[in-house]
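Going letter by letter, the sequence shown gives residues 34 to 950 in this note's numbering. In this text, a Cβ means the ideal position worked out from N, Cα and C, and glycines have one as well. Keep in mind the model is a prediction, meaning the values are calculated, not measured. Working notes for the structure below.
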Amino acid sequence: MKTKWKMGIRTKILGGYFFIVCSLFIAIILLNNQIKSLQQERNFIIDHDIQIHELTGRIENSLLNMETGQRGYVLTGDSSYLAPYEQGQSQWRDDYNKLYRLLDDNSQQEKLKEIKSTIESWVESAGEPTIKWKQEGNKEELESFFKVDSGRRYMDDMRSQFNSFRETEKAMTEQRAVELDSQNKNITLGMYGLLVFVALFSTVIGVFLSRSIVNTMKEVTNTIKQIATSKNQLNTRIRVKTNDEIKELGDATNELLDSVEDRNWLQTNLAEVVTMYQGITSIRTLAEQFLLTVSKITGASCGAFYIRNDEHDEIEFVKEASVADRFEDVGRESFKMGQGLIGQCALEKKQLCLTDLPQGYQLIGSGLGATVPKSVLIAPVLFEGEVIAVIELASLEDFTALEKELMNQVIETFGLTINSVTRRMEIARLLSESQAMTEELQAQSEELQTQSEELQMQSEELQTINEQLEERTRDAEHQSEELLVAKKELEEKANQLELNSQYKSEFLANMSHELRTPLNSILILSEMLSENGDNRLTDEEEEYARIIHSSGSDLLGLINDILDLSKVEAGKLELLLSEVNMSELPQQLERQFAHVSEKKNVAFHVYKEDDVPNLFITDEKRVQQILKNLLSNAFKFTHQGEVSIFIRRASESISHPLKELVESNCWLEFEVRDTGIGIPKEKHELIFEAFQQADGATVRKYGGTGLGLSICSEFAKLLGGFITLHSEVSKGSSFTLYLPSLINGAVDYTQLEEAYNQVAVTFNEVEVAETQVESKIDNQEEDTSTINDSNVFQGKKVLIVDDDQRNIFALQTALKKQGMDIITAQNGLECLEIVESKEHHIDLILMDIMMPYMDGYETMQKIRRELELTDLPIIALTAKAMKNDREKCLEAGASDYISKPLDLSQLFSVMRVWLAS
């Protein structure tokens with residue numbers, strides 16, 4: 034059924050006003066458009082005339098300047114007079130083109146072309162020839178020209194042409210003004226006509242709306258008067274044709290009449306039911322009378338009455354009465370709580386109404402046959418919050434809402450009636466049973482005497498058992514005290530371990546600090562020596578100073594790392610929280626690593642998303658230190674591809690124990706992604722520990738101490754954040770730093786330690802760090818000069834195999850002073866190539882152990898076994914002087930073994946022994 038469109042009184046009135054306003058608005062728009070059109074025409078006339086007069090004046094001025102410059106140059110020969118001539122010659126053509134584009138009248142354009150022709154004729158016949166003759170010094174031509182002076186005739190023609198041109202433009206302007214006045218009159222007439230039309234149409238709409246509203250109100254008023262005079266007959270209803278507020282008033286009045294009529298029906302039938310069960314003393318009679326009365330009122334064809342039975346362990350509802358029985362009984366005999374619809378209704382304590390019942394349901398019978406009911410109503414009867422009875426009615430028609438409401442109101446007081454009848458029946462039953470019980474009490478009294486004596490004996494046994502239990506309780510309390518003592522001892526040991534760890538961290542921090550003071554002096558003095566300001570040092574001495582400075586810088590970096598790590602562990606590292614400008618961070622990172630990217634030929638990108646806040650509260654120095662470590666290591670381990678850093682808000686789905694402990698309104702994530710060598714999955718946890726890297730080959734090939742990862746992790750924890758790692762070997766790595774904005778100050782480090790069960794990881798700190806110089810040759814240079822045996826060392830060829838250029842340089846310098854020829858190799862593979870080529874007769878090999886690609890052990894084994902060079906002396910050099918390193922080197926094929934840092938006297942002594950033999 035389609036809903037009739039509603040148009041209320043307010044809508045009608047506002048619609049009329051809206052039409053009037055729209056009409057006025059349209060009139061204003063039309064008038065405004067016409068006025069704008071007039072203004073545009075007027076502005077066109079004014080601007081057009083001004084531009085035309087301005088351009089014609091500029092063209093005339095340019096020609097006047099050309100004529101003046103031409104005559105001045107001819108008279109004086111001064112080339113400065115040619116400047117206005119040349120300027121005017123270029124200027125008049127530009128102005129002419131602009132003027133030509135402004136004209137839309139063909140006749141005016143033809144006149145302008147004539148002016149152009151006159152100007153060009155003057156230039157060709159008077160301007161250019163005279164200047165050329167003056168430049169060539171041809172006075173005869175000049176004199177003959179000025180006698181005729183044909184240029185003046187061209188200038189006069191041009192002025193008359195311009196005057197004619199202006200007169201024509203003036204006439205056209207006056208014609209446009211007349212047309213503009215005509216349009217203005219038409220607009221005025223149209224505006225008056227539109228206003229008259231709007232006024233007439235508005236009057237018609239107002240009359241129509243007022244008549245519609247008044248007529249409808251009269252109809253409603255007459256209907257209400259008829260209802261008021263009908264003497265409690267509420268069958269009459271208000272009929273309203275219009276679909277507005279008056280119709281809503283009529284519908285509301287009709288609903289009120291329906292409600293009053295329903296209330297009267299409810300009160301009448303409720304009084305009939307209550308009157309029916311007064312004076313009844315039997316539950317069965319009460320149930321039968323109730324079913325008969327309710328069935329007659331609701332039109333139910335059959336029904337059943339179930340009463341609660343608590344005699345058994347389970348609550349049961351037993352059928353007490355039924356109405357309109359067929360040949361067999363109506364309904365089942367009993368239901369348990371929650372069983373079937375009866376039990377479910379009792380369990381939920383609310384009314385159920387079922388419609389569209391299936392075939393096979395309880396049939397309603399008559400003399401001619403039986404049929405399935407259309408609707409079933411099941412209602413619980415409550416007393417003091419408990420269901421004491423359930424009533425089921427079946428009907429051939431649907432139960433109305435009014436009938437359901439009647440049932441609800443009836444059963445509200447019916448529970449009290451059932452309880453009263455039940456109590457009266459119970460009292461009668463108890464009275465009859467009390468007489469029989471009095472006789473039994475006397476017999477039971479004698480039995481109780483016997484049981485009292487038995488209880489006395491049991492009490493004595495219980496007392497004995499109680500004493501045993503008390504003794505066991507005392508034993509248990511003693512054991513509990515011993516456990517408390519043991520627990521206290523464990524706590525004291527744990528505190529002692531924590532104190533020892535703190536002492537260790539404080540010792541490392543203090544020692545690292547004390548080492549920095551003399552090291553700084555070494556760095557400053559070595560840098561001054563390497564600069565060689567007074568040119569008193571040789572090139573070799575400058576190189577020595579640079580190596581000292583480089584080694585000292587590496588050592589200082591290592592000491593700083595140890596100091597930072599120990600300060601964190603000792604709890605002495607303070608954070609300086611401030612508002613960090615995140616908008617400047619990408620530029621800072623690009624400036625810091627642009628040279629590294631260019632040097633390694635690896636692309637570098639910084640991506641910052643728009644949702645990152647401009648201000649972020651944290652320790653800027655520590656954040657930049659962490660990011661620098663991550664980016665430095667990314668470049669270190671990436672040989673091709675790119676290194677990228679992504680700055681964005683952390684996702685809400687990221688879960689970590691710290692996010693629950695740290696109160697922050699914003700979490701950021703800094704993801705450093707590279708396409709480098711990657712890290713094996715089994716090494717992900719290892720690289721977080723201090724002095725640890727992925728493997729030994731990584732240490733020798735790329736350098737570093739392994740402290741950067743541990744420091745970054747500790748700094749992240751101090752800042753309330755954490756680091757995660759995702760990496761695959763040969764595909765690259767992704768390190769993500771998560772940090773909160775510390776709006777409430779620094780976080781409690783001890784609480785973070787308890788929650789930090791899964792700590793994120795980062796890369797090492799130094800990007801181009803090299804291993805430390807592992808020899809102390811510089812301190813022993815004077816001694817080497819005294820250990821010079823020309824007969825043994827002179828002309829000997831020594832192959833130095835080491836991956837550290839500074840070690841090679843130091844050894845090469847010392848050995849060359851002894852007269853030896855030096856050959857170098859960076860790793861074991863290069864050593865094998867040199868030995869196999871047999872281009873050099875090598876007398877001795879100095880072999881470093883820890884090298885990339887192929888270490889010293891494998892290299893010596895291949896020389897001895899594959900190349901079968903068993904007599905070639907090989908001296909093993911290593912900084913890892915562990916207990917079994919000497920035996921391991923000798924087993925691999927070394928002739929001798931020296932540990933680093935090297936003692937040159939020891940080295941020369943060993944070399945002398947093997948070269949002499």
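Got a sec, what are the start and stop residues for the beta strand (DSSP E) residue i sits in?
i      : result
PRO619 : Unbroken run through PRO619 is the alpha helix (DSSP H), 618 to 633; no beta strand (DSSP E).
TYR114 : Per DSSP, TYR114 belongs to no beta strand (DSSP E) and is neither H nor E.
PHE668 : First-last for PHE668: 653 to 669, but that is the alpha helix (DSSP H), not the beta strand (DSSP E).
TYR310 : Per DSSP, TYR310 belongs to no beta strand (DSSP E) and is neither H nor E.
ASN614 : 611 to 614
PHE368 : 367 to 369
GLU761 : 755 to 761
ILE878 : 877 to 881
ILE856 : 854 to 858
ALA909 : 907 to 911
VAL834 : 830 to 834
Does the distance from the C-beta atom of residue i to that of residue j stay below 8 Å?
i      : j      : result
GLU704 : ILE744 : no
GLU891 : GLY861 : yes
LEU832 : ILE878 : yes
GLU305 : THR331 : no
GLN322 : ILE316 : no
LEU145 : TYR133 : yes
ALA412 : ILE451 : no
ALA667 : GLY709 : yes
LYS382 : LEU426 : no
ILE908 : ASP929 : yes
THR651 : SER774 : yes
GLN84  : THR151 : no
ARG655 : LEU752 : yes
Sort the options by Cα distance to residue i and report the nearest one.
i      : options                        : result
HIS873 : LEU862, ILE855, GLY889         : ILE855
TYR771 : LYS750, HIS759, GLU176         : LYS750
ASN342 : SER328, MET370, GLY926         : MET370
THR769 : SER684, GLN851, LYS165         : SER684
ARG706 : VAL409, MET880, SER355, VAL639 : VAL639
LYS329 : LEU282, GLY226, LEU319, GLU436 : GLU436
ILE375 : LEU701, THR404, ASP389, TYR339 : TYR339
TRP67  : GLU522, GLU473, LYS218         : One point to set straight first is that residue 67 is Gln, not Trp, in the sequence displayed. Among GLU522, GLU473, LYS218, the Cα nearest to that of GLN67 is on LYS218.
ALA357 : SER334, GLU87, GLN377, VAL834  : SER334
PRO713 : LYS764, THR846, PHE748, TYR118 : LYS764
TRP155 : ARG185, PHE368, GLU174, SER563 : ARG185
DSSP puts residue i in a beta bridge; with which residues?
i      : result
GLY336 : VAL356, LEU426
HIS638 : SER677
PHE179 : In DSSP, PHE179 forms no bridge with anything.
PHE703 : ILE680, LEU770
GLY765 : GLU761
LEU385 : ILE411
GLU349 : ASN342, LYS369
ASP929 : ILE908
PHE52  : PHE52 is not bridged to any residue.
In terms of residue numbering, what span does the alpha helix (DSSP H) encompassing residue i cover?
i      : result
GLY889 : 889 to 898
GLU693 : 690 to 694
ILE316 : 316 to 331
ILE918 : The identity of residue 918 in the sequence shown is Asp, whereas the question assumes Ile. From DSSP, the alpha helix (DSSP H) with ASP918 extends over 918 to 925.
SER938 : 937 to 949
SER697 : Here SER697 belongs to no alpha helix (DSSP H), and DSSP marks it neither H nor E.
Leaving out the 5 sequence neighbours to the left and right, which residues in its chain are closer than 7 Å to residue i when beta-carbon positions are compared?
i      : result
LEU940 : ILE931
ARG733 : Note that ARG733 scores 44 on pLDDT, short of 50, meaning its location in the model is unreliable; the coordinates nonetheless yield the value given after this. ASP836, MET883, MET884, PRO885.
LEU57  : VAL231
TYR129 : ILE92, LYS149
Can you give me the Cβ contacts of residue i inside the same chain, cut-off strictly under 6 Å, excluding the 5 residues immediately before and after it?
i      : result
PHE637 : PHE626, SER630, VAL676
LEU64  : MET224
GLU366 : LYS352
ALA925 : TYR890, MET893, GLN894
SER197 : none
Give me, in chain order, the residues of the same chain whose beta-carbon lies closer than 8 Å to that of residue i; leave out the 5 immediate sequence neighbours on both sides.
i      : result
GLY49  : SER235, ILE238, GLY239, LEU242
THR903 : ARG897
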